[in-house]
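Peer 1:
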Amino acid sequence: MDAIALGPLLLALDRLPGLLAIVVLVILAERLDRRFPGLGRWGWQTVVIAVLAGRLGHALPHFEAYAQAPWTVLYFWQPGYTPWSALIAAIGWTAWRWRQRPHAEDTTAPAPTMTGARRRAWLCLTVATCTAGVTWGLLPTPPQGEPLPALSLKTLEGAPVQLTDLHQDKPMVVNLWATWCPPCRREMPLLAQYDQRDDVTLVLINQGESLVAIEHYLQHEELQFRHLLQDPQQQGLATFNTPGLPTTLFYNSQGTLVDRQIGELTPARLAQFLQEYRVTD
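When you line the sequence shown up against this note's numbering, it's residues 9 to 289, in that order.
1) Just how far apart, CA to CA, sit Ala103 and Asp203?
2) So, for Ala67: in the same chain, excluding its five sequence neighbours on each side, which residues have a beta-carbon less than 8 Å away from its beta-carbon?
3) On a Cα-Cα basis, can you pick out the residue from Phe233, Ile35 and Leu278 that is closest to Leu133?
4) Run through DSSP, which three-state label would Phe44 get?
5) So what does DSSP say about Pro148, is it helix, strand or coil?
6) What does the Cβ neighbour count give for Phe258, buried or exposed, with the cut at 16 atoms within 10 Å?
7) Please determine, among Leu245, Thr172, Glu272 and Asp206, the residue with the shortest C-alpha to C-alpha distance to Thr264.
8) I'd like to confirm something about Ile35: is its beta-carbon nearer than 7 Å to some heavy atom of the ligand ATP, or not?
9) Quick one: give me the first and last residue of the beta strand (DSSP E) that Ala20 is part of.
10) Once you ignore the five residues that flank Glu113 on each side, which residues in its own chain have a CB closer than 6 Å to its CB?
11) Where does the unbroken beta strand (DSSP E) through Val181 begin, and where does it stop?
12) In whole angstroms, give me the CA-to-CA distance for Leu159 and Arg205.
13) How is the alpha helix (DSSP H) around Pro168 delimited, first residue to last?
14) Could you check where the alpha helix (DSSP H) with Asp203 kicks off and where it finishes?
15) Which partner residues does Arg268 have in the DSSP bridge list?
16) Please report how far the alpha carbon of Ala94 lies from the alpha carbon of Gln152, in whole angstroms.
17) Taking the C-alpha atoms as reference points, what is the distance between Leu21 and Ala13?
18) Thinking C-beta only, is Glu195 closer than 8 Å to Leu146?
19) Reducing DSSP to helix, strand and coil, say where Ala67 ends up.
20) For Asn214, which residues does DSSP report across the bridge?
21) Out of Tyr225, Gln242, Pro190 and Arg49, which one is the CA nearest neighbour of Gly271?
22) From the DSSP output, in three-state form, read off Ala13 for me.
23) Bridge partners for Pro298 per DSSP, in chain order?
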């Protein structure tokens, strides 16, 4: 399993190391703030700087993918962070913060106190980084290498179809979604753009909803897809062993699973997949 369902929320496990690092850093810094004033503020500042740097470290190499909607870089709830850029920014900020302003609340504090605060800051950052590293090492490996399943579905017109029938010897993206799912709805315009491309097969499988609900949503949003299928019994959730929606599965041109994502898609994620697995003439 690569995600945890928390009621209506879905937490991808690859975000857990970063979240735990943030919690550990803030708790340690706040607890030490009474003895070393300024550590609490430094902890929160470090979190903000690291998150921004991690997000930019992911977005800048994929600038073209974000060009049409650059403000989505600020959608911090979406996946897409570079751990190394976040860590480098946190280290750089900590070095500058405690060298230039060793004691934010009292610059006349005795040298031993300032030195102690500086050491505790580095200790907090080290513990938080180690927490993230250990957690990452304990995460299960996402499923890979599985063939495209012969899942029995039906079109919006009611015609039966098997998922394997849609494979066309090119990369394939399979998306499980529902109209009641906010992240699913947010990623629909992005998926509609990629549905127009000829170098990828995009298949959307609605989970458990009526034809009326699906068609009403598509008409209201003015969306059209070449391969939008119904799965009234929600076989997709069981077949792909996913805890919730949205779930996106990436298959190469041979129909082999190479990656999957739990949660909302980003332009960079789709662009990265096609760049790596695009079939060249």
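From the three backbone atoms N, C-alpha and C, an ideal C-beta is built for every residue, glycine too.
Peer 2: If we stick to the structure as given:
1) Sequence index remark: in the sequence shown, residue 103 carries index 95 (1-based). Sequence index remark: in the sequence shown, residue 203 carries index 195 (1-based). The alpha-carbon atoms of Ala103 and Asp203 are separated by roughly 47 Å.
2) Taking the first residue of the sequence shown as 1, we reach residue 67 at position 59. Around Ala67: Tyr74, Val81, Gly88 and Ala276.
3) If you number the sequence shown from 1, residue 133 lands on position 125. Ranking Phe233, Ile35 and Leu278 by Cα distance to Leu133 puts Ile35 first.
4) On the sequence shown, residue 44 is found 36 positions in, with the first residue counted as 1. Looking at Phe44 - three-state DSSP - the assignment turns out to be coil, as it is neither helix nor strand.
5) Within the sequence shown, the letter at position 140 stands for residue 148. Judged by DSSP in its simplified three-state form, Pro148 adopts coil rather than helix or strand.
6) By 1-based counting over the sequence shown, the position of residue 258 is 250. The Cβ neighbour count for Phe258, taken over all protein chains shown within 10 Å, is at least 16; the residue is labelled buried.
7) In the sequence shown, counting from the first residue as 1, residue 264 sits at position 256. Measuring from the Cα of Thr264, the nearest candidate turns out to be Thr172.
8) The ligand ATP is not part of the structure shown, which contains no ligands of any sort.
9) Indexing the sequence shown from 1 puts residue 20 at position 12. Residues Leu17 to Ala20.
10) Here residue 113 is taken as the residue at index 105 of the sequence shown, counted from 1. Per-residue confidence for Glu113 stands at a pLDDT of 47, beneath the threshold of 50, marking its modelled position as unreliable; no derived number is given.
11) What you label residue 181 is simply residue 173 of the sequence shown in a count that begins at 1. Taken as a continuous stretch (DSSP letters only), the beta strand (DSSP E) holding Val181 covers Met180 to Trp185.
12) Residue numbering aside, residue 159 sits at position 151 when the sequence shown is read from its first letter. Residue numbering aside, residue 205 sits at position 197 when the sequence shown is read from its first letter. Rounded to the nearest angstrom, the gap between the Cα atoms of Leu159 and Arg205 is 24 Å.
13) Working through the sequence shown from its first residue, we reach residue 168 at position 160. No alpha helix (DSSP H) holds Pro168; the beta strand (DSSP E) holding it covers Pro168 to Gln170.
14) Along the sequence shown, read from residue 1 onward, the residue named residue 203 stands at position 195. That run of the alpha helix (DSSP H) goes Pro190 to Asp203.
15) Translated into positions along the sequence shown, residue 268 becomes position 260. Arg268 is bridged to Leu257.
16) Sequence index remark: in the sequence shown, residue 94 carries index 86 (1-based). Sequence index remark: in the sequence shown, residue 152 carries index 144 (1-based). Gln152 has its alpha-carbon roughly 28 Å from the corresponding atom of Ala94.
17) As a position in the sequence shown, residue 21 is number 13, starting the count at 1. As a position in the sequence shown, residue 13 is number 5, starting the count at 1. So the two alpha carbons sit approximately 10 Å from each other.
18) Mapped onto the sequence shown, residue 146 falls at position 138. Mapped onto the sequence shown, residue 195 falls at position 187. No, the Cβ-Cβ distance between Leu146 and Glu195 is not below 8 Å.
19) Your numbering for residue 67 matches position 59 in the sequence shown. In this structure, Ala67 counts as helix in the three-state DSSP scheme.
20) Your numbering for residue 214 matches position 206 in the sequence shown. In the DSSP assignment, Asn214 forms a beta bridge with Trp185 and Gln238.
21) On the sequence shown, residue 271 is found 263 positions in, with the first residue counted as 1. When only C-alpha atoms are compared, the closest one is Pro190.
22) As a working mapping, residue 13 is identified with position 5 in the sequence shown. Annotated three-state conformation of Ala13 is strand, per DSSP.
23) For residue 298 there is no data in the structure shown, the boundaries of the chain being 9 and 289.
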